[in-house]
Each structure stands twice: as C-alpha cells, then as structure tokens.
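The block underneath contains the structure these notes are about, expressed in structure tokens.
2 protein chains.
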Amino acid sequence: MNDFLARRRGLAKNCSHPVLLWAGSRVSRNFAANTYPFRASSHFLYFTGLNLAETVIYLEAGNLILFWDELPESAALWHGDSPTRDQLADQLQAQASYPLAKLAQFTANAATIPLVNPHDRQHQAQILNRPVEFPLVAEDLALAQALIDLRLTQDAAARSEISQAIAVTIRAQQAGMKITQNAKTEAKVRAWMEQVVAAHQFNLAYTSIVTTQGQVLHQEHSPHTLKPGDLLLVDLGAETPGGWAADITRTWPVSGKFSATQREIYEVVLAAQTQAIAAIKPGVEFWEIHRIALQVITEGLFGLGILQGSLRDLLALEIGTTFFPHGIGHLLGLDVHDMEDLGDLAGYGPGRNRSPKPGWRYLRLHRPLQEHMVVTIEPGFYQIPQLLNQARLDPNLGQWINWVVLTKFADVKGIRIEDDVLVTANGAEVLSQGLVKKTDDLESLWL
Amino acid sequence: MNDFLARRRGLAKNCSHPVLLWAGSRVSRNFAANTYPFRASSHFLYFTGLNLAETVIYLEAGNLILFWDELPESAALWHGDSPTRDQLADQLQAQASYPLAKLAQFTANAATIPLVNPHDRQHQAQILNRPVEFPLVAEDLALAQALIDLRLTQDAAARSEISQAIAVTIRAQQAGMKITQNAKTEAKVRAWMEQVVAAHQFNLAYTSIVTTQGQVLHQEHSPHTLKPGDLLLVDLGAETPGGWAADITRTWPVSGKFSATQREIYEVVLAAQTQAIAAIKPGVEFWEIHRIALQVITEGLFGLGILQGSLRDLLALEIGTTFFPHGIGHLLGLDVHDMEDLGDLAGYGPGRNRSPKPGWRYLRLHRPLQEHMVVTIEPGFYQIPQLLNQARLDPNLGQWINWVVLTKFADVKGIRIEDDVLVTANGAEVLSQGLVKKTDDLESLWL
Numbered sequence: 025m026n027d028f029l030a031r032r033r034g035l036a037k038n039c040s041h042p043v044l045l046w047a048g049s050r051v052s053r054n055f056a057a058n059t060y061p062f063r064a065s066s067h068f069l070y071f072t073g074l075n076l077a078e079t080v081i082y083l084e085a086g087n088l089i090l091f092w093d094e095l096p097e098s099a100a101l102w103h104g105d106s107p108t109r110d111q112l113a114d115q116l117q118a119q120a121s122y123p124l125a126k127l128a129q130f131t132a133n134a135a136t137i138p139l140v141n142p143h144d145r146q147h148q149a150q151i152l153n154r155p156v157e158f159p160l161v162a163e164d165l166a167l168a169q170a171l172i173d174l175r176l177t178q179d180a181a182a183r184s185e186i187s188q189a190i191a192v193t194i195r196a197q198q199a200g201m202k203i204t205q206n207a208k209t210e211a212k213v214r215a216w217m218e219q220v221v222a223a224h225q226f227n228l229a230y231t232s233i234v235t236t237q238g239q240v241l242h243q244e245h246s247p248h249t250l251k252p253g254d255l256l257l258v259d260l261g262a263e264t265p266g267g268w269a270a271d272i273t274r275t276w277p278v279s280g281k282f283s284a285t286q287r288e289i290y291e292v293v294l295a296a297q298t299q300a301i302a303a304i305k306p307g308v309e310f311w312e313i314h315r316i317a318l319q320v321i322t323e324g325l326f327g328l329g330i331l332q333g334s335l336r337d338l339l340a341l342e343i344g345t346t347f348f349p350h351g352i353g354h355l356l357g358l359d360v361h362d363m364e365d366l367g368d369l370a371g372y373g374p375g376r377n378r379s380p381k382p383g384w385r386y387l388r389l390h391r392p393l394q395e396h397m398v399v400t401i402e403p404g405f406y407q408i409p410q411l412l413n414q415a416r417l418d419p420n421l422g423q424w425i426n427w428v429v430l431t432k433f434a435d436v437k438g439i440r441i442e443d444d445v446l447v448t449a450n451g452a453e454v455l456s457q458g459l460v461k462k463t464d465d466l467e468s469l470w471l
Numbered sequence: 025m026n027d028f029l030a031r032r033r034g035l036a037k038n039c040s041h042p043v044l045l046w047a048g049s050r051v052s053r054n055f056a057a058n059t060y061p062f063r064a065s066s067h068f069l070y071f072t073g074l075n076l077a078e079t080v081i082y083l084e085a086g087n088l089i090l091f092w093d094e095l096p097e098s099a100a101l102w103h104g105d106s107p108t109r110d111q112l113a114d115q116l117q118a119q120a121s122y123p124l125a126k127l128a129q130f131t132a133n134a135a136t137i138p139l140v141n142p143h144d145r146q147h148q149a150q151i152l153n154r155p156v157e158f159p160l161v162a163e164d165l166a167l168a169q170a171l172i173d174l175r176l177t178q179d180a181a182a183r184s185e186i187s188q189a190i191a192v193t194i195r196a197q198q199a200g201m202k203i204t205q206n207a208k209t210e211a212k213v214r215a216w217m218e219q220v221v222a223a224h225q226f227n228l229a230y231t232s233i234v235t236t237q238g239q240v241l242h243q244e245h246s247p248h249t250l251k252p253g254d255l256l257l258v259d260l261g262a263e264t265p266g267g268w269a270a271d272i273t274r275t276w277p278v279s280g281k282f283s284a285t286q287r288e289i290y291e292v293v294l295a296a297q298t299q300a301i302a303a304i305k306p307g308v309e310f311w312e313i314h315r316i317a318l319q320v321i322t323e324g325l326f327g328l329g330i331l332q333g334s335l336r337d338l339l340a341l342e343i344g345t346t347f348f349p350h351g352i353g354h355l356l357g358l359d360v361h362d363m364e365d366l367g368d369l370a371g372y373g374p375g376r377n378r379s380p381k382p383g384w385r386y387l388r389l390h391r392p393l394q395e396h397m398v399v400t401i402e403p404g405f406y407q408i409p410q411l412l413n414q415a416r417l418d419p420n421l422g423q424w425i426n427w428v429v430l431t432k433f434a435d436v437k438g439i440r441i442e443d444d445v446l447v448t449a450n451g452a453e454v455l456s457q458g459l460v461k462k463t464d465d466l467e468s469l470w471l
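Chains as they are written, first to last, in our numbering: chain A, 25 to 471; chain B, 25 to 471.
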C-alpha cells in the first residue's frame with residue numbers, strides 16, 4: 025500500500041490541480057445483466073490497485089478521497105457479502121469517503137482523464153459540467169503529462185507486478201509448446217494456454233494471437249487446423265489481478281522441427297532482436313532501436329538472396345519494411361500498449377509526431393529510453409500478400425526483391441519473437457528471458 | 025440459410041413496419057484498440073447468423089438489405105483478407121447492400137430494438153431521429169411483440185444450435201468433474217472447463233459460476249481452495265459461434281463422496297427438479313412448475329426436520345423460499361435469459377407483472393408453456409446468511425425452522441441442479457440429459 029501512497033505523492037508534485045479518476049462502469053454483452061468481466065481504468069488502478077466498478081477517487085496533495093455507493097442489502101443474495109465503504113476506505117488508506125452523490129462538491133478546478141467507453145466519458149462531462157474528450161482541455165492535458173511522467177518508468181512495485189505477469193505468461197507459453205505435439209487445431213493450443221492463465225486467477229492482457237497465419241498481424245481468431253509444415257505464431261500475455269500486463273511472442277514449428285527455410289528466416293529475426301536489445305540503454309532513442317532491427321533484417325534477407333542489389337541502396341530504400349512493417353515495440357505497463365488511452369501523448373515526446381513512412385508509421389514509441397522503462401522488443405518477418413503485391417507493382421521496389429528466391433521461402437508466412445525488456449542503468453534486462461527461443465532449444469522440447 | 029429466410033418471412037407476417045436491426049459496435053477494455061470479444065445483438069443474429077460489428081440490416085416483407093462499410097485496404101495488414109460487401113450480401117441472401125451512409129434513406133416508419141450499450145442506443149436514436157429507449161415507442165413495441173412471438177418457441181435450426189451448445193457444455197462439465205480429483209482450487213476447475221469450450225471454438229454464454237460458496241447465487245469469482253468436505257457448484261454454459269446458449273448446473277462433492285447431509289438435501293433438490301419437469305407440457309403455466317418445485321422442496325425439508333409444524337402451514341407461508349429464493353427457470357435461446365434485453369416483455373405475458381413476494385419476485389418467466397419453448401429447470405437449496413437472519417428475526421417465520429436440526433446441515437451451503445428442457449407436444453424432453461446428476465452416478469466418477 026505504501027507504493028500507492030508514494031504514487032499519490034508523486035502525482036501531487038507534478039500536478040497542481042485536484043484530480044478525479046473514475047474506475048469506469050461495467051459493459052454489457054447481449055443484455056444488461058450479462059456483462060463482460062470488469063476492468064478498471066489503468067490510471068485508477070495505478071493509485072489504488074482496486075478493480076471495482078462505479079468507483080471514483082479524488083487526489084489532492086497526496087491525499088485520497090473515495091467515492092462509492094455501498095450495495096443495497098438485497099445484493100447480498102446474488103453477490104454475497106461486500107465491503108462497507110469504511111472498509112474500502114481503510115484498504116485504500118483514504119483520508120475520507122463519501123457516496124457518489126457527493127462527487128459534485130469536489131469538481132471545482134478538477135482535472136481528469138477521459139475513460140475509454142464513450143458512455144462513461146459523457147458521465148464524466150456531465151459531472152464536471154465541461155467537455156471531457158480529446159483533444160484535452162488544458163487542466164486535463166496537464167494531468168495527462170503528470171501521469172505520463174510517473175508512468176513512463178516503472179517503480180519497484182510495478183516491476184514486481186510485471187514480473188508476475190511475465191512468469192504466468194511463460195508458464196502458459198511453455199504449456200502451449202508442449203500441447204502442440206498432441207493438438208490438432210490452433211484453438212486447442214490457445215485454449216490450453218489460456219487455461220493456465222485463468223487457473224492462476226490472472227486475466228488476459230489482450231486478445232491472444234495463436235495462428236498459423238502469422239502474416240495477419242492481429243489475427244484474433246484461431247480457426248485453422250495444424251499441419252506438419254506450419255509455424256505457429258503465439259502472441260499471448262497475462263495480466264495480474266492488479267492490472268499489470270505481460271506481452272510475449274514465440275513462433276514454433278507445429279512438427280517440432282523447423283524446415284531449412286524457416287530456420288534461416290527465424291535466425292534473421294532472432295539476430296535482429298538480439299542486436300536491438302543489445303543497443304538498449306538510457307538516453308538511446310527508441311527510434312534507433314527500431315532502425316537497428318530493420319537493418320539487421322534487411323542484411324539478413326540480403327544474405328539469403330531474398331533482397332538483391334546493393335545493401336546500401338536496400339537500407340536507404342527501407343525495403344525491409346515490406347517484410348517487417350510494424351514497429352519494434354512499445355511501452356508495457358498497466359496497459360499492454362501502455363497509456364495508449366492517451367493517444368500518442370505518452371508514446372511520442374513533446375513535438376514529436378508519427379512519421380508517414382512505411383514501417384515507421386506504426387512505431388508506437390518515439391522517445392529517448394530511460395532507466396526503468398519497460399518496453400517490448402518484437403521484430404518480425406511476414407509475407408503479407410498486400411505488401412508484396414504493392415512492392416511487385418512498384419518499379420522502385422520490385423526489382424530489389426528476388427521473387428524466385430522468395431518463392432522457396434513460401435513456408436514462412438510469419439515469424440515474430442517478442443520479449444519484455446527493462447531498461448537498466450547501463451543497458452537492458454530481458455524480463456522474459458526464462459522462455460526458450462533459440463531454434464535448437466525449441467526443437468529439443470519435442471524430443 | 026433457408027432457416028434465416030423463413031424467420032424473415034415470419035417476421036413480415038407479424039410486423040407491418042419495416043425493421044432496422046443493428047449488430048452493435050465493439051466495446052473497449054482499457055484503450056480503444058483493446059476490445060472485448062465482439063458479440064452481435066441477438067435479434068440481429070436471429071435473422072443473419074452473422075457476428076459482425078458495425079453492421080445493420082433492413083427487413084421488409086421478408087427481404088433483407090445489408091448496410092456495411094468495407095474495411096479500408098490498409099486493414100488487411102492487421103486483419104487479413106475481409107469479405108467484400110457483395111460477398112457478405114450473397115452470404116445473407118440479401119436483396120441489396122449499401123454503405124452505412126445510405127442508412128439514413130431507409131429510416132421512414134422503421135421500427136427497431138434498443139441495443140444494450142447506451143452509446144449504441146444514442147447512435148440508433150440519432151439515425152432514426154427519435155428516442156430509442158425503454159419504454160418503447162409504439163412501432164418499436166410492435167416490433168418487440170413480433171420478435172417475441174417468433175422467438176418464444178424455437179424452430180428446428182434453433183433447437184439444433186441449442187443442442188450443439190448443450191453438447192459442448194456437457195463435455196466441459198464432464199471434464200470439470202474429472203479434474204476436480206486433482207485440482208486444488210476453484211479457479212483450476214473453472215479454467216479447465218472453460219478451455220474445453222474454447223477448444224471447440226465456442227464462447228461462454230455467461231460468466232461461469234464455479235464455487236464452493238454456492239449460497240452466493242451469482243458468485244462470479246472463483247478465489248477459493250478446494251477442501252475435502254466442500255460441494256462444488258458449477259453453473260456454466262457454452263454458446264455456439266452463431267450465438268445460441270446452453271445453461272447447465274451441477275453440484276458435486278470435491279472429495280467424490282457426498283456426506284449424509286449433503287446427500288439428503290441433494291435428493292430433495294433432485295426430486296423437486298424431477299417433479300417440476302414431469303409437470304411440463306403445453307398449456308401449463310410456468311408459474312405452476314415453480315410452485316411444484318417449491319412444494320417438493322418444502323416437503324423435503326419438512327421430512328428432514330429442518331422445517332417443523334404443519335406441512336399445510338409451511339406451504340401457505342411459502343417458507344421454502346428462504347432456502348429456494350430464486351425462480352425455477354427461464355427462457356433459453358440466443359440469450360441465456362432469452363430476450364431479457366426487452367425487460368419482462370418476453371418473460372411476462374401481456375398484463376402480467378412481477379409478484380412482490382419472496383421467491384416469486386425473481387421468477388423470470390410467467391407464461392403458459394408452448395410446444396418448442398426451451399426453458400431451464402433449476403431448483404436449488406441455499407443457506408444464505410441474510411435470508412436465514414431475516415427468518416430468524418421474523419416471529420412469523422423463525423418458529424417454523426428447526427435451527428438445531430439445520431445446524432447439522434452446515435456442510436450444505438448451496439446446491440443447484442439445472443437442465444435445459446424442450447417443451448414437446450405432450451410433455452418435455454430434457455436436452456441436457458446426457459450429463460450425470462444422480463448422487464450414485466456422480467460418486468462413481470471418482471471410483
């Protein structure tokens with residue numbers, strides 16, 4: 025709990041406004057009582073650790089006031105005992121607590137952050153009697169900047185939570201590798217991994233990607249059967265009960281044996297990741313980490329004969345983005361794309377904006393690295409039909425790809441290798457290093 | 025697909041208005057791109073079988089017009105190939121299809137049903153330029169009645185879908201019974217069952233209840249360890265990809281062996297269910313099915329000495345509702361509480377309203393049974409502290425409970441037995457009869 029107090033005091037230093045943070049409300053699936061599992065707003069969780077709907081906190085000078093309505097006595101029949109408001113206030117070390125109706129008395133000069141659900145945002149605007157939306161009004165923007173200053177780097181309690189999320193994710197991924205030998209479908213492997221997460225009473229930080237069609241970057245469905253020559257791309261992360269995320273990707277052969285072509289590309293992607301991680305230290309631009317990965321992938325594909333011409337030209341053209349079209353990684357914390365609810369305010373430093381260029385336009389983080397940032401490093405190689413067609417039809421690009429050689433790599437649809445990395449004082453620590461990723465190590469699991 | 029055409033024609037017979045039905049939009053979890061799994065509105069699914077967000081259909085005279093915006097080409101990078109509007113229109117056997125912007129030209133005189141998400145409802149109201157909310161305006165009420173007329177009974181295609189949902193649910197429950205012998209926590213058993221559902225590429229129709237604290241009727245969390253004397257109450261239902269639900273509850277001993285007291289109460293609950301099901305046939309009031317279950321439970325507790333005095337007085341007082349406080353069941357279909365998005369319009373026939381009386385106030389269905397209705401039959405026994413305290417303090421009730429005898433049944437916190445039942449021409453068919461429920465059969469699973 026002292027961690028939460030320290031965060032409240034940290035906010036008070038950075039933000040001169042009193043702050044109202046809403047947990048948010050439950051959302052329904054097909055009828056009102058049939059709700060999705062509730063997940064409080066990350067900003068709210070950051071200061072409370074409390075995943076409770078219809079709850080609001082008021083933060084000022086490091087103090088917290090809780091607003092929450094106790095459930096009616098009749099609710100006990102359906103939901104059992106619930107805490108009293110006083111008990112919740114004690115748990116949060118709140119200075120005071122009131123029913124939600126009192127909230128209107130605490131709105132003067134208050135800053136807030138828009139919730140993700142539009143209905144919730146309307147409620148916030150109604151209570152504050154002003155717009156609560158993007159672009160943010162001045163006081164909300166000031167609060168956003170203060171929150172970003174705090175949350176860009178992870179304190180010890182946050183690092184502990186992230187490590188727990190990673191530990192459970194590793195167990196799930198290991199279970200997935202093991203069950204693949206006996207599974208006939210993507211869905212079976214996915215369900216098997218997700219039950220490991222659920223059995224730990226952790227949630228999923230995001231919709232898992234478990235697919236033999238790795239070239240579809242956000243393939244959220246798993247409808248395919250597993251065939252011996254397939255690679256299975258698994259991007260799955262657990263979330264702790266307190267809301268902290270892991271985000272790990274591995275790609276392994278369904279048969280337990282990489283083909284020669286799969287192994288060659290895999291080694292290129294792994295080299296890109298290794299060199300990207302090796303370059304991480306405080307002060308280095310994340311942009312540079314991305315550039316290194318793109319360079320290693322380009323060099324690797326040149327070495328395999330997939331790219332042809334002069335390496336210097338290939339790098340200048342950035343043709344590697346045809347095969348590695350997304351960013352090298354992103355912030356990781358309470359959100360799997362941390363603070364993406366603030367748009368690019370967190371990911372992009374002041375005065376920085378997304379580049380329109382292929383490959384770069386999807387880079388989610390463009391800041392100098394700082395000690396105690398946690399980022400993902402996730403290079404990939406994909407044969408995406410739309411991008412290959414674009415390159416083929418583009419006289420400036422198509423000539424640099426050896427289409428005959430590329431045909432030999434048809435069994436490599438998509439490979440991604442993703443780890444969660446803590447920026448340390450002098451370099452980087454791979455928090456998810458406990459999970460195998462070398463080709464030989466992956467193959468040895470099948471022996 | 026002919027099933028969907030038949031439903032569209034059925035609606036045209038019952039409803040003179042043209043009809044607009046929205047699938048609904050995705051809802052986000054902690055940031056916009058991190059969404060919950062999408063689930064289209066049940067009314068939309070009933071006529072299309074299509075689980076696709078941001079889609080609208082216009083139904084008139086049995087014809088269907090599809091409104092949907094094709095995804096931008098850039099979406100292929102993230103989400104792969106998506107169908108064209110023409111392909112979707114073919115799949116739905118639509119008479120025409122347009123972008124969503126054309127919707128405004130089809131609003132004259134159109135009836136609709138409010139979606140569950142308030143933001144979606146606002147969008148509907150904006151397009152139709154009138155309120156879309158409860159209580160319904162006249163044309164929407166007419167549509168609701170027409171939909172209820174159709175959906176109150178299940179056609180052959182619906183019964184087939186419900187049977188598939190039941191089949192997968194039975195496999196999940198069987199897996200749960202088996203894993204209980206080796207599981208240490210509620211969460212493990214729950215995760216194990218849910219992975220069976222997910223491996224079939226089915227969803228969960230509702231938040232599972234997997235608990236040793238069965239006295240909490242809607243205990244959505246599973247935080248407890250399993251102890252040898254516990255009963256585990258498992259209320260879990262799968263949903264087909266087309267959206268059709270199952271809803272089955274079993275209660276089994278963690279140790280594989282009912283205690284004498286657990287067995288005695290279980291037999292009372294099972295007798296209540298057996299007699300309730302035996303009374304089902306077209307024309308019988310569902311109210312009467314509830315009354316029979318309440319009577320059998322009251323007689324059973326009287327026989328065990330938990331209730332005392334004259335049986336006639338006990339029945340008149342309805343003291344059985346202290347131990348069986350919820351309704352005997354509800355409609356089952358595309359929603360686990362079918363059409364509960366319409367409030368009580370579907371569950372309660374014209375001119376009928378909820379009774380304020382204990383036990384009856386939670387009855388979700390109050391209509392005469394009809395052939396091809398599917399209902400749940402789910403009697404239970406619970407020791408709910410709040411209700412027992414109320415009874416103890418009530419001079420009219422407390423004297424009828426033998427508190428000393430009740431103490432001996434302390435290891436029976438909650439038992440529920442729930443099956444899914446089809447009303448047939450002459451009686452009832454228990455669709456979920458393939459899942460064991462006799463005490464001896466449950467115990468034999470552990471041998």
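Ideal placement from N, C-alpha and C gives every residue a C-beta, glycine not left out.
If you're wondering where the values come from, they're calculated on a predicted model, not measured in any experiment.
In the same chain as Ala303 of chain B, and ignoring 5 residues on each side of it, the C-beta atoms closer than 8 angstroms to its own belong to Glu312, Ile313 and Ile316, in chain order. Listed along chain A are His103 and Gly104, each with a C-beta nearer than 8 angstroms to that of Gln243 of chain B.
In the structure shown, the three-state DSSP call for Glu84 of chain A is strand. Between the C-alpha atoms of Lys305 of chain B and Asn450 of chain B there is a straight-line separation of about 6 angstroms. Trp427 of chain A counts as exposed, since fewer than 16 other C-beta atoms from the protein chains shown sit within 10 angstroms of its C-beta.
Shown here, Pro277 of chain B sits in a strand according to DSSP, grouped into three states. Per DSSP, the continuous alpha helix (DSSP H) segment holding Thr322 of chain A begins and ends at Phe310 to Gly327.
Between Val293 of chain B and the set B:Phe55, B:Thr273 and B:Arg145, the nearest pair of CA atoms involves B:Thr273.
The bridge partners DSSP lists for Leu256 of chain A are A:Trp276.
In the DSSP assignment, Phe28 of chain B falls within the alpha helix (DSSP H) that extends over Asn26 to Asn38. With 16 or more neighbouring CB atoms inside 10 Å of its own CB, Lys461 of chain A falls in the buried class. Gly333 of chain B and Trp424 of chain B have their C-alpha atoms some 6 angstroms from each other. Excluding residues up to 5 positions away in sequence, Met25, Phe28, Leu29 and Leu88 lie with their Cβ nearer than 8 angstroms to the Cβ of Gln117 of chain A in the same chain. Taking Arg33 of chain B as reference, the option from B:Val258, B:Thr298, B:Tyr70 and B:Pro380 with the minimal CA-CA separation is B:Tyr70. Contact annotation for Pro159 of chain A against chain B: no contact, minimum CB-CB distance about 15 angstroms [criterion: below 8 angstroms].
If you draw a straight line from the Cα of Asn58 of chain B to the Cα of Thr231 of chain A, it comes to about 8 angstroms.
Annotated three-state conformation of Val445 of chain A is strand, per DSSP.
Within chain A, the residues placing a beta-carbon under 8 angstroms from that of Gln410 of chain B are Glu97, Ala100 and Leu101, ordered along the chain.
One thing to note: Pro349 of chain B has its Cβ no nearer than 8 angstroms to the Cβ of Pro380 of chain B. Only those residues of the segment 65–92 of chain A whose C-beta falls short of 8 angstroms from the nearest C-beta of chain B are listed: Ser65 and Ser66. DSSP, reduced to helix, strand and coil, places Thr59 of chain A within a strand of the structure shown. Beta bridge pairing from DSSP links Ile233 of chain A with A:Asp259. Here the alpha carbons of Glu163 of chain A and Gln299 of chain A stand approximately 41 angstroms from one another.
Counting only runs of at least 3 residues, the segment 405–446 of chain B fully encloses the following beta strand (DSSP E) elements, listed from N- to C-terminal order: 438–440. Per DSSP, the continuous beta strand (DSSP E) segment holding Glu453 of chain A begins and ends at Ala452 to Val454. The Cβ neighbour count for Gly351 of chain A, taken over all protein chains shown within 10 Å, is at least 16; the residue is labelled buried.
Against chain A, a Cβ distance below 8 angstroms from Ser52 of chain B picks out Val140 and Asn141. The beta carbon of Ala135 of chain B sits closer than 8 angstroms to those of Cys39, His41, Pro42, Val43, Leu44, Glu163, Asp164, Ala166 and Leu167, all from its chain and outside the five residues before and after it, given in chain order. Per DSSP, Ile304 of chain A lies in no alpha helix (DSSP H) segment and is marked neither H nor E.
Taking 8 angstroms as the CB threshold, Lys212 of chain B lines the interface with chain A. By the rule that beta-carbons nearer than 8 angstroms mark a contact, His361 of chain A touches chain B. The shortest C-alpha to C-alpha distance from Pro61 of chain A to any of B:Gln394, B:His245 and B:Leu152 is the one to B:His245. Among the residues of the segment 362–379 of chain A, those with a Cβ less than 7 angstroms away from any Cβ of chain B are Glu364 and Asp365, in the order of the chain.
Shown here for Asp259 of chain B: same chain residues with a beta carbon closer than 6 angstroms to its own, the five before and five after excluded, namely Ile233 and Thr273 in chain order. Around the beta carbon of Asn227 of chain A, 16 or more other beta carbons lie within 10 angstroms, which makes this residue buried. Listed in chain order, the non-local C-beta contacts of Gly266 of chain B below 7 angstroms within the same chain comprise Leu69, Gly73 and Glu185, local neighbours out to five positions each way being set aside.
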